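**Q** Protein chains in written order, with this note's numbering: chain A, 455 to 826; chain B, 1134 to 1373. Beta carbons: idealized from backbone N, C-alpha and C, even for Gly. None of these values were measured; they are calculated from a predicted model.
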Amino acid sequence: MLAWRNLVHDKIRLAVTVTGIVFAVVLIVVELGLFIGFTTTTSSLIDQSGADLWISARNVPFIEQGTPFSERKLSTVMATPGVAAASKYVLRFAEWKRPDGGQDSVLVVGFDLQTRLGAPWNIIAGQVDDLRQPDAVFIDDIYRERLGAARVGQVVEVQGRRARIAGFTQGIRAFTTSPYVFTRFKAAQNYTVLREDETVYLLVKAKPNVDVEGLRRRLAARLPSIDVMTTAEFSRRTRLFWMFTTGAGLAVLLAAVLGLVVGIVIVAQTIYATTVDHIREYATLKAIGASNWYLYKVIVLQAVISALIGYALGIVIAVLVIRGSKESGAAILLPPGMVAGMLVLTLVMCVSAAIFSIRKVTRLDPALVFKG
Amino acid sequence: MSDSAIRVRDVSKTFAQGAAAVRALAGVDLDIDCGELMLLMGPSGSGKTTLLSIMGCMLRPCRGSVSILGEEVTGLSERDLPRVRRDWIGFVFQGFNLFPTLTAVDNVGLAFDLRGLPRRQASRRATELLEQVDLGDKRDAFPADLSGGQKQRVAIARAIAGDPWVVLADEPTASLDTRSGRVVMKLLRGLAHDRGRAIVIVTHDNRLLEYADRIVQIEDGSIVSDSASAGGAGERSVHS
Ligand SMILES: Nc1ncnc2c1ncn2[C@@H]1O[C@H](COP(=O)(O)OP(=O)(O)O)[C@@H](O)[C@H]1O
Ligand SMILES: [Mg+2]
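1) Chain B partners of Y748 (chain A), CB-CB under 7 Å?
2) How many Å lie between L1185 (chain B) and D1303 (chain B) at the Cα?
3) For ligand 2, I want to know if E1352 (chain B) counts as a neighbour, meaning its beta carbon is within less than 8 Å of at least one of the ligand's heavy atoms.
4) Taking C-alpha atoms, which residue in A:I517, A:I742, A:A741, A:E650 lies nearest to L561 (chain A)?
5) What distance in whole Å lies between the Cβ atoms of G703 (chain A) and I482 (chain A), which are believed to be in contact at a cut-off of 8 Å?
6) Report whether the distance from the Cβ of V1349 (chain B) to the nearest heavy atom of ligand 2 is below 8 Å.
7) In whole angstroms, give me the CA-to-CA distance for N644 (chain A) and K661 (chain A).
8) Just tell me which of A:I509, A:V802, A:R546, A:V758 has its CA closest to the CA of Y634 (chain A).
9) Taking any Cβ of chain A, which residues in the segment 1185-1208 of chain B have a Cβ under 8 Å from it, in chain order?
10) Starting from S806 (chain A), follow the alpha helix (DSSP H) in both directions and report where the run begins and ends.
11) Less than 7 Å between C-beta atoms, sequence neighbours within five positions excluded: which residues of the same chain meet that for V1371 (chain B)?
12) Would you please verify whether the beta carbon of L1235 (chain B) is less than 9 Å from any beta carbon of chain A?
13) Please list, in chain order, the residues of the segment 1290-1311 of chain B that have any C-beta partner in chain A closer than 9 Å.
14) Got a sec: is the Cβ-Cβ distance from P1251 (chain B) to anything in chain A below 9 Å?
15) What span of residues does the alpha helix (DSSP H) with D501 (chain A) cover, start to end?
16) Are the segment 535-545 of chain A and the segment 655-675 of chain A touching by the rule of at least three beta carbon pairs closer than 8 Å?
17) I believe L774 (chain A) touches V666 (chain A) by the beta-carbon criterion, under 8 Å. Please report the beta-carbon distance rounded to the nearest angstrom.
18) Among the residues of its own chain, which have a CB less than 6 Å from the CB of G614 (chain A), if the five just before and after it don't count?
19) Taking D1270 (chain B) as part of the beta strand (DSSP E), name the residues at either end of that continuous run.
20) Classify R605 (chain A) as buried or exposed, calling it buried when 16 or more other Cβ atoms lie within 10 Å of its own Cβ.
21) Let me confirm a value: F698 (chain A) is counted as buried when at least 16 other C-beta atoms fall within 10 Å, else exposed. Which label applies?
22) Does the beta carbon of F1226 (chain B) fall short of 8 Å from some heavy atom of ligand 4?
23) Anyone know if the C-beta pair for T496 (chain A) and F629 (chain A) falls short of 9 Å?
24) Can you tell which of B:V1217, B:M1318, B:R1286 has its C-alpha closest to the C-alpha of T1260 (chain B)?
25) If you reduce the DSSP assignment to three classes, tell me which class Q1285 (chain B) lands in.
26) Taking 9 Å as the threshold (beta carbon to beta carbon), is F824 (chain A) in contact with chain B?
27) I'd like to know whether the C-beta atoms of L500 (chain A) and F688 (chain A) end up nearer to each other than 9 Å.
28) For A808 (chain A) and Q756 (chain A), which I take to be in contact (beta-carbon distance under 8 Å), what is that distance rounded to the nearest angstrom?
29) Would you say the beta carbon of A1307 (chain B) comes nearer than 8 Å to a heavy atom of ligand 1?
30) Which first and last residues belong to the alpha helix (DSSP H) in which Y645 (chain A) is found?
31) Under 9 Å between C-beta atoms, does T738 (chain A) make it to chain B?
32) Quick one: list the residues of chain B neighbouring S811 (chain A), beta-carbon separation under 9 Å, in chain order.
33) Can S559 (chain A) and T494 (chain A) be called in contact, C-beta distance under 9 Å?
34) Quick check for students: name the residue ranges of the alpha helix (DSSP H) that lie wholly in the segment 1206-1275 of chain B, counting only runs of 4 or more.
35) Roughly how many angstroms separate the alpha carbons of A642 (chain A) and R670 (chain A), rounded to a whole number?
36) Consult DSSP for M1174 (chain B) and reduce its assignment to one of helix, strand or coil.
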């Protein structure tokens, strides 16, 4: 009651407090959303591959950096007990020539049509089987304009060879500036000038109820010159590389932390100023018998009310910002867990800010209440 | 042993002020009985507010002891003092100290809220108290819309919400005109005489003398005279 009245009494200060919280919430949500969006994007090919294990050349730091090795390893893999399916997979850069003659760099994704490990997902035009055509490729909806391919059936050139748009996916964003072009392995071999007897990855599907880590170790023992990783491991390795080794993720995380700090400082400052403004009232409350606990409740309740208003407004604005950014091409994700986590974070931020001012009211100075 | 509402024994208080020390109280002894309205008078800086703060458990003496209703409070912990103030003592201040964002009824209701009463009940009791101080019609007014005398009556209603045995008032009429001052003093005298409460009023307003049962003079931190007022039993013994 007193907490609420105190707040609404000083509308300007309430507005400043809420603005501070809104600012922090929006900054944190957008930056964290960007971070999650980035991270998800960097490893989406791995996470969506359907494979349990990835086999690559030694010490590949991230998926775009795979180097070729002999495809003869595939028979060793197939012969290993516990393997349900295994197939070749390539991801390499190539030149894309638009119908209008302009050039662009793309990442060609070549997968096996029998096992379908590493096949495109979220398909909105065409079917995976359409990629059986020797020169058929899929690209993502997001890159229609950039790659100059608006319709199915359009013909372009990849690395000097003919390619025909057979379908589109939706929302498969590339983390690098080069869009993904999905095609069958054989075609990708040609587009990326990979030798006939080489592959860049081998994707493995384990049989049901087979322990994946156990299978990984068995395969690793049989393939001493190359790496065998679980999908999760390779995904994490790729994410870590893009997020931290390059510093891209660090900058984004730092901005989120900055938002948190700015939020705490603004909220602490305004709640403190409000408390100091009302210091005589708090002293009076103590004089007439309020326990410290009662005063804490008033101050914390003020913080919580501000937090809830600021959080609600902040989330609404963040969602609008994220909507707006969809068109501009940035990937900002807002998982429900983050929305809930943000509420907790906002409350913690505001309450810890309030704690700064609690110290101010615990000492009762009679001079405060008795002055005329 | 005695039915003193407040018993002050050999209380001294020294404030450290930089290198210098200010001696605000020097060995004060004082007993205040229930049903008695006492005026505490003295020049500015003589230690009146300090003595009132110590009796009200807001300030600890450097030496000596204070008992309220027979319970020694000097040794109580910081944690227990709010309860003592809440249950035994009512405060009235020169500056009213009302909450500007709350209506009259909520200002009084707050005192019940502190005592854990549910909202509705607090509001009903607060309304009754406002009627007792003749402000039934101002229950929804904010302090800013009340006159000084009305504000002080709201403050008195708040002070007696817990039905305290002791009411301590520091210059309660200093900010009021003569007529409002009279109303307030009559209310406080009624509490002493009709309901047996112990009332201590700090003042240097001689117009209040007529309401006093007893007048205590303090100078430089010591009681210099203690007498029953006009028509009373004359000087009591004075400790020096
Ligand atoms: N918190 C304090 N710190 C330092 N000196 C104080 C403090 N409170 C009161 N004093 C000093 O103690 C003396 C008595 O003050 P006070 O009790 O307020 O007098 P009165 O109420 O009679 O005017 C004064 O000299 C005053 O300056
Ligand atoms: Mg004083």
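**A** Based on what the coordinates show:
1) Correct list: L1247.
2) Looking at the two C-alpha atoms, the distance is approximately 8 Å.
3) For ligand 2, not one heavy atom lies less than 8 Å from the Cβ of E1352 (chain B).
4) Comparing Cα-Cα distances from L561 (chain A) to each of A:I517, A:I742, A:A741, A:E650, the minimum goes to A:I517.
5) At roughly 15 Å, the Cβ-Cβ gap does not stay under 8 Å, so I482 (chain A) and G703 (chain A) are not in contact.
6) In terms of side-chain proximity, the C-beta atom of V1349 (chain B) is found no nearer than 8 Å to any non-hydrogen atom of ligand 2.
7) Each residue's alpha carbon lies about 31 Å from the other.
8) For Y634 (chain A), the closest C-alpha among the options A:I509, A:V802, A:R546, A:V758 is that of A:R546.
9) Listed by position, the residues of the segment 1185-1208 of chain B near chain A (Cβ gap below 8 Å) are L1185, S1186, G1189, M1191, L1192.
10) Annotation: the continuous alpha helix (DSSP H) that includes S806 (chain A) extends over 790-816.
11) Legend: pLDDT at V1371 (chain B) = 49, less than 50; position of this residue unreliable, value from coordinates given subsequently. Hits under 7 Å: I1356, V1357, S1358, D1359.
12) Interface residue, yes.
13) Answer set for the segment 1290-1311 of chain B: R1291, A1292, A1294, G1295, D1303, E1304, A1307, S1308.
14) It does not: the Cβ of P1251 (chain B) has no partner Cβ on chain A nearer than 9 Å.
15) Taken as a continuous stretch (DSSP letters only), the alpha helix (DSSP H) holding D501 (chain A) covers 498-501.
16) Contact between the segment 535-545 of chain A and the segment 655-675 of chain A is present, because at least three Cβ pairs lie under 8 Å.
17) Not confirmed; about 42 Å, so no contact.
18) Counting only residues of its own chain and dropping the five nearest sequence neighbours on each side, G614 (chain A) has no CB closer than 6 Å to any other CB.
19) The continuous stretches of beta strand (DSSP E) do not include D1270 (chain B), and DSSP gives it neither H nor E.
20) Looking at its Cβ environment, which holds fewer than 16 other Cβ atoms inside 10 Å, R605 (chain A) is exposed.
21) Result: exposed.
22) Absence of ligand 4 is noted for the structure shown, with ligand 1 and ligand 2 being the only ligands found.
23) Yes, these two residues count as a Cβ contact at 9 Å.
24) Answer by Cα proximity: B:R1286.
25) If DSSP states are grouped into helix, strand and coil, Q1285 (chain B) belongs with the helices.
26) For F824 (chain A), the answer is yes, since a Cβ of chain B falls inside 9 Å of its Cβ.
27) For the sequence presented, residue 500 (chain A) should be read as Ile rather than Leu. Yes, the Cβ-Cβ distance between I500 (chain A) and F688 (chain A) is below 9 Å.
28) A808 (chain A) to Q756 (chain A), Cβ: 7 Å. Contact.
29) Not one heavy atom of ligand 1 lies closer than 8 Å to the C-beta of A1307 (chain B).
30) Its alpha helix (DSSP H) spans residues 639-645.
31) For T738 (chain A), the closest Cβ of chain B is nearer than 9 Å.
32) Ordered by position in chain B, no residue passes the 9 Å Cβ test against S811 (chain A), which lies about 18 Å from the chain.
33) No. Outside cutoff.
34) Under the rule that a run must span 4 or more residues, the alpha helix (DSSP H) segments found entirely inside the segment 1206-1275 of chain B read 1214-1221, 1237-1247, 1252-1265.
35) One Cα belongs to A642 (chain A), the other to R670 (chain A), and the distance between them is close to 27 Å.
36) M1174 (chain B) falls in the strand class under three-state DSSP.
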